[in-house]
Amino acid sequence: MLAPIFEIKNLFHTYGPKPAIKIDHLLVEKAEIIALVGPNGAGKSTLLKLLGLIERPTSGEILFKGKPVSPFSQAAKNITLLPQQPFLLKRRVFENVIYGLKIRKIKNKNLLRQKFHQALELVGLPPEEFAKRPWYALSGGETQRVALACRLALEPEVLLLDEPTASVDIHSALLIKEAILNAYHLWNTTIIIASHDQAWLDEVPHKTWHIFKGHVFTKEINFLWGPWEMANGKLIKKFKNGQKLMFNAPRENIDKPVAIIESSKIKVLPQKDKKSLKMTIKQINKEINCKDLKITASLEDISLNFKINENLLKKYNFWPGEPIYVDLPDQVTWL
Ligand SMILES: Nc1ncnc2c1ncn2[C@@H]1O[C@H](COP(=O)(O)OP(=O)(O)OP(=O)(O)O)[C@@H](O)[C@H]1O
Numbered sequence: 001m002l003a004p005i006f007e008i009k010n011l012f013h014t015y016g017p018k019p020a021i022k023i024d025h026l027l028v029e030k031a032e033i034i035a036l037v038g039p040n041g042a043g044k045s046t047l048l049k050l051l052g053l054i055e056r057p058t059s060g061e062i063l064f065k066g067k068p069v070s071p072f073s074q075a076a077k078n079i080t081l082l083p084q085q086p087f088l089l090k091r092r093v094f095e096n097v098i099y100g101l102k103i104r105k106i107k108n109k110n111l112l113r114q115k116f117h118q119a120l121e122l123v124g125l126p127p128e129e130f131a132k133r134p135w136y137a138l139s140g141g142e143t144q145r146v147a148l149a150c151r152l153a154l155e156p157e158v159l160l161l162d163e164p165t166a167s168v169d170i171h172s173a174l175l176i177k178e179a180i181l182n183a184y185h186l187w188n189t190t191i192i193i194a195s196h197d198q199a200w201l202d203e204v205p206h207k208t209w210h211i212f213k214g215h216v217f218t219k220e221i222n223f224l225w226g227p228w229e230m231a232n233g234k235l236i237k238k239f240k241n242g243q244k245l246m247f248n249a250p251r252e253n254i255d256k257p258v259a260i261i262e263s264s265k266i267k268v269l270p271q272k273d274k275k276s277l278k279m280t281i282k283q284i285n286k287e288i289n290c291k292d293l294k295i296t297a298s299l300e301d302i303s304l305n306f307k308i309n310e311n312l313l314k315k316y317n318f319w320p321g322e323p324i325y326v327d328l329p330d331q332v333t334w335l
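When you line the sequence shown up against the numbering used here, it's residues 1 to 335, in that order.
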């Protein structure tokens, strides 16, 4: 059996008193496209830098195809990271795109030209027009696409993308999406994308991982933000309409705790009962290749995502704007 492309073991990274990354165990399989989503400061860029082998973890281990790796090791040649704010060398587009290939000791001029053409075409920039363009004569969207072309020219085994559409318009964002999917189909590249752009991500990833306070969740989760009030060993969230949520408090003291609930543990009830929470259905989405429907329900400042069976949807005649009663698990993870 093929070893996973990455195996993470007890990975811990910190820049100060708080951990930026804390992952006990995580596998990335070959040729997967994974979306990494999480709020600002959750640890997305840090995780990508650790996997990109450009930052040394405080402790723990990363295995690449079964072998332990460290920053700037040989394996790093197969992994490439497009950072949040990519920079170009103060040279023309052609020299920028072939730079990584030259470092990898590719000297054949025809091959360099051929790889340049392919990479530029992948990101939707005419190679002839852009080859001689200096780095300063590019728009923001073009700069981002040239930076992506620099990575694609390497035909990487792993492509890590940090907010690739953060400062580009819809047209460039679509071209970047196409380029990423083409790379995946051409070379079976394993791709991890950190992005806040849910609409752009739609239908791209095979898996979505959530990251929060350096912890990665591979299952669909929901965040229940505070404020939480402490009473008799419980943390309570009170809503303006009189409803409340109550869970056992965490053993340790957590500053501004957030409750994490797995979507699969949220149950839909046919009607109100003692423990249920009355929410409003905001959205019902049909997921591709899945018989279940994804419901987004909200109550004041909280929003929950969970799946329900199509038959149940018909039976209860759920509709956006209508109320829905949900039962939340007794146990939550506090972070
Ligand atoms: N070089 C650094 N020095 C000190 N702290 C850092 C450094 N880089 C990141 N951090 C801290 O580590 C935590 C994780 O940051 P990171 O940039 O990985 O988050 P992120 O999820 O990528 O955020 P964003 O969505 O805002 O880009 C944050 O608390 C951040 O302040």
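Positions of the beta carbon are idealized from the N, C-alpha and C atoms, including for glycine.
Ligand 2 heavy atom lying under 8 angstroms from the CB of Thr58: With respect to small molecules bound, the structure shown includes ligand 1 and not ligand 2.
Could you tell me which whole alpha helix (DSSP H) segments of length 4 or greater appear in the segment 122 to 164? 127 to 130, 140 to 152
Supposed contact pair Leu82 and Ala131 - C-beta distance, whole angstroms, cut 8 angstroms: As a first step, residue 131 is located in the sequence shown; it is residue number 131 there, counting from the start. As a first step, residue 82 is located in the sequence shown; it is residue number 82 there, counting from the start. 21 angstroms between Cβ atoms; not a contact.
Under 9 angstroms between C-beta atoms of Lys307 and Lys315: In the sequence shown, the residue the question calls residue 307 occupies position 307. In the sequence shown, the residue the question calls residue 315 occupies position 315. Contact: no.
Can at least three beta-carbon pairs, one atom from the segment 15 to 23 and one from the segment 198 to 210, be found at a separation below 8 angstroms? no
Kindly identify the DSSP beta-bridge partner or partners of Pro19. Taking the sequence shown and counting its residues from 1, the one referred to as residue 19 is at position 19. DSSP output for Pro19 lists Thr14 as bridge partner(s).
What does the alpha-carbon distance come out to for the pair Tyr325 and Ile281? Taking the sequence shown and counting its residues from 1, the one referred to as residue 325 is at position 325. Taking the sequence shown and counting its residues from 1, the one referred to as residue 281 is at position 281. About 10 angstroms.
How is His210 classed by DSSP in three states: helix, strand or coil? Counting from one through the sequence shown, the residue named residue 210 turns up at place 210. In the structure shown, His210 sits in a strand (DSSP, three-state: E or B).
Since Glu61 is in the beta strand (DSSP E), which residue starts that stretch and which ends it? Locating residue 61 in the sequence shown gives position 61, counting from the first residue. Glu61 -> beta strand (DSSP E) spans 59 to 64.
DSSP-derived helix/strand/coil call for Val332: Along the sequence shown, one-based indexing puts residue 332 at 332. Coil, per DSSP.
Between the C-alpha atoms of Ile368 and Leu111, what's the straight-line distance to the nearest angstrom? Limits of the chain in this structure are 1 at one end and 335 at the other, which puts residue 368 out of reach.
Does DSSP classify Glu7 as helix, strand or coil? Position 7 of the sequence shown, counted from the start, is the residue given in the question as residue 7. Three-state result, Glu7: strand.
Counting only runs of 4+ residues fully inside the segment 175 to 253, write out the alpha helix (DSSP H) ranges in chain order. 198 to 201
In terms of alpha-carbon separation, which member of Asn248, Lys77, Ala194, Leu159 lies closest to Ala179? For this step, residue 179 is matched to residue 179 along the sequence shown. Cα-wise, what sits closest to Ala179 is Leu159.
If we ignore side chains and look at the alpha-carbon of each, how far apart do Asn232 and Lys30 end up? Numbered from its first residue, the sequence shown carries residue 232 at position 232. Numbered from its first residue, the sequence shown carries residue 30 at position 30. Whole-angstrom Cα-Cα distance: 48 angstroms.
Of the listed residues Glu32, Lys115, Lys9, nearest to Ile23 (C-alpha basis): To locate residue 23, count along the sequence shown from 1; it is residue 23. Nearest C-alpha to Ile23: Lys9.
Beta-carbon gap between Leu335 and Ile236 smaller than 9 angstroms: The residue labelled residue 335 in the question sits at position 335 within the sequence shown. The residue labelled residue 236 in the question sits at position 236 within the sequence shown. Contact: no.
Around the Cβ of Asn222, are there at least 16 other Cβ atoms within 10 angstroms (buried) or fewer (exposed)? In the sequence shown, counting from the first residue as 1, residue 222 sits at position 222. The residue in question, Asn222, is buried, as its Cβ has 16 or more Cβ neighbours within 10 Å.
Name the one or two DSSP bridge partners that Gln283 has. Within the sequence shown, the letter at position 283 stands for residue 283. DSSP output for Gln283 lists Thr296 as bridge partner(s).
The alpha helix (DSSP H) spanning Glu310 covers which residue range? Counting from 1 along the sequence shown, the entry for residue 310 is found at position 310. From DSSP, the alpha helix (DSSP H) with Glu310 extends over 310 to 316.
Three-state secondary structure (DSSP) of Phe116: If you number the sequence shown from 1, residue 116 lands on position 116. Residue state, collapsed to three classes: helix.
For Lys77, does the three-state DSSP call read helix, strand or coil? Start at 1 with the first residue of the sequence shown, and residue 77 comes out as number 77. In the structure shown, Lys77 sits in a helix (DSSP, three-state: H, G or I).
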